[in-house]
Amino acid sequence: MLWDFSIPKAAGIVARTWPFLLLRVAVYGLFAMVFLVMTVSGGIIGHQTLPLLFETVAPMQSGIFGAFGGMAFGGLVLRILREYSLYMVKAAHVAVMVRLFDHGTLPAGASQLAYGWGQVRERFAEASVLFALDQLIKAALAGIGQTMQRIGGFMPGLRAVFGIVQAIADVAIGYVDEIVLAQNLRTKSANPWKASADAVVLYTQNGGAMLRNAAWLTLFLAVAGIAVFAVVAGPVALALGGLEGPVQMYGLIGSAVVTIFVLHVLLEPFAVCALMSVYFARIDGQAPDPRWEERLNRATPALAELRANGEDFGDGAAQPA
Numbered sequence: 001m002l003w004d005f006s007i008p009k010a011a012g013i014v015a016r017t018w019p020f021l022l023l024r025v026a027v028y029g030l031f032a033m034v035f036l037v038m039t040v041s042g043g044i045i046g047h048q049t050l051p052l053l054f055e056t057v058a059p060m061q062s063g064i065f066g067a068f069g070g071m072a073f074g075g076l077v078l079r080i081l082r083e084y085s086l087y088m089v090k091a092a093h094v095a096v097m098v099r100l101f102d103h104g105t106l107p108a109g110a111s112q113l114a115y116g117w118g119q120v121r122e123r124f125a126e127a128s129v130l131f132a133l134d135q136l137i138k139a140a141l142a143g144i145g146q147t148m149q150r151i152g153g154f155m156p157g158l159r160a161v162f163g164i165v166q167a168i169a170d171v172a173i174g175y176v177d178e179i180v181l182a183q184n185l186r187t188k189s190a191n192p193w194k195a196s197a198d199a200v201v202l203y204t205q206n207g208g209a210m211l212r213n214a215a216w217l218t219l220f221l222a223v224a225g226i227a228v229f230a231v232v233a234g235p236v237a238l239a240l241g242g243l244e245g246p247v248q249m250y251g252l253i254g255s256a257v258v259t260i261f262v263l264h265v266l267l268e269p270f271a272v273c274a275l276m277s278v279y280f281a282r283i284d285g286q287a288p289d290p291r292w293e294e295r296l297n298r299a300t301p302a303l304a305e306l307r308a309n310g311e312d313f314g315d316g317a318a319q320p321a
């Protein structure tokens, strides 16, 4: 088999979590609307005001500058909202996927949303705790990225196409925080900091397998993204083809936002579930290798900080679910 995950199983688990898919539609739909409103508002303001302030700036350029300003402001707003969305959507969704992956069903009488939120609240009393943990994990990703790139550089035929290796590494490490969270929830560790540090090391020491599977996921996501963009952008281009000014650019930006929206709502959970299944299978029976931990510590101080926070938190041996 070219990849180690089961497409039908991963897709089936994601499909069964349809309440969270609907919640993602609502949350990311709101994010997309905020981003589009900020972008269009910035474009309109720039189109109307910049030519008055700078005579050498054309209206079309003003609209583009304003749109980019709106995009930057919209990105800042979404970053502020991210902590809450991580706690209420992504983490709870991962908790339900882990349960379905291991047991095939939820506890009797439990709804998906209630179960997912309950599991997250049980492990992380406040959103700020999970957010701080997530930030440290992401900082540790820098070390994983460097290590994965070195692994990819030695894989036959990949050294000559470093750009592709980089794209694959981005996918391989892009979902590490959610996979680490999945391992936290799966082992029911009493010490999330120590469990996260162990999970990061285990991910890295299985980097070759994770990279190979990420390569296929990169291809799948790229093809799906291009297909979605073509389906969305085609009608938009036909509808706006005769209009002048920055309207066509807004249509292109809107098509890109819709494509990203679909990727986050449907394809991101699939990628997480697929890599999660590979990770669980690969680490079965393994313990964190001190040599890999040493390599990560040389690349980034974030792992050592996770360990230090774990020591401050207290001992909490992971127990199987």
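Numbering (full-length UniProt numbering), first residue to last: 1 to 321. In this text, a Cβ means the ideal position worked out from N, Cα and C, and glycines have one as well.
Distance from the CA of E294 to the CA of V201, rounded to the nearest whole angstrom, comes to 10 Å. The closest CA to that of D4, considering only S277, T300, N297 and G285, is found on S277. By the neighbour-count criterion, in which 16 or more other beta carbons inside 10 Å mark a residue as buried, R282 falls on the buried side. One alpha carbon belongs to A274, the other to L238, and they sit about 37 Å apart.
Around the Cβ of F313, a 10 Å sphere holds fewer than 16 other Cβ atoms; the residue is exposed. With respect to the 7 Å criterion, A224 and L267 are classified as neighbours on the basis of their beta carbons.
Only buried fits A197, as 16 or more other CB atoms lie within 10 angstroms of its CB. The criterion of a C-beta distance shorter than 7 Å is satisfied by V171 and A214. Closest option to R121, judged by alpha-carbon separation, among A233, Q286, N184 and Q205: N184. I179 is not a Cβ neighbour of M97, given a cutoff of 7 Å.
Bounds of the alpha helix (DSSP H) holding Y279 are E268 to I283. Take R123, set aside five residues on each side of it, and the residues of its chain with a beta-carbon closer than 7 Å to its own are N184, L185 and P192, in chain order. Closest in C-alpha terms to V262, from the list L2, A10, G29 and P19, comes G29. Excluding five sequence positions before and after G251, the CB atoms of its chain that fall closer than 6 Å to its own CB belong to V236 and L240, given in chain order.
The alpha-carbon of H93 is positioned some 6 Å away from that of G116.
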